[in-house]
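Residue numbers (UniProt numbering): 1 to 143.
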């Protein structure tokens, strides 16, 4: 998955609210030059519209359709939250922020869903001690 680099992975993060987790996921995307700050606002709007928690301790915050213009390049941020953070009554231990140019976010969502539908994969991602471990798991699952 070429849209993930080690500098877009954060290990052992702690958040009090889903809003803080969404801010962190968006900030990583922004720092990597993937999105403008307006996209982070759209990530909060998306969460307000419908919970971005997808199951298996995974949340995938992403912007609204209207925020497409705020995406400069496709990217993924991976935030590891071992103690979990509440997303609408569900506990997310992985927060994966995505931004896609055109319809690339749909491919990202499907690839992430395949990886994260396996509880063992999610457990390995949550327990990973290095960014490289996370990166290699994504690479081997998508290959």
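Even for Gly, the Cβ is constructed at its ideal location relative to N, Cα and C.
| Item | Value |
| --- | --- |
| Residue 8 versus residue 50: straight-line alpha-carbon distance, rounded | 25 Å |
| Residue of 134, 119, 43 minimising C-alpha distance to residue 29 | 43 |
| Residue 106, DSSP secondary structure in three states | helix |
| Residues bridged to residue 87 [DSSP beta-bridge criterion] | 90 |
| Rounded C-alpha distance that separates residue 56 from residue 123 | 9 Å |
| One or two residues paired with residue 77 in a DSSP bridge | 97 |
| Euclidean distance between Cα positions of residue 126 and residue 100 | 24 Å |
| Sub-9 Å separation of residue 32 and residue 81 beta-carbons | no |
| Exposure label - residue 26; buried when at least 16 CB within 10 Å | buried |
| Candidates 18, 97, 72, of which the one nearest residue 48 by Cα | 18 |
| Rounded straight-line distance, which links the Cα of residue 70 to that of residue 36 | 5 Å |
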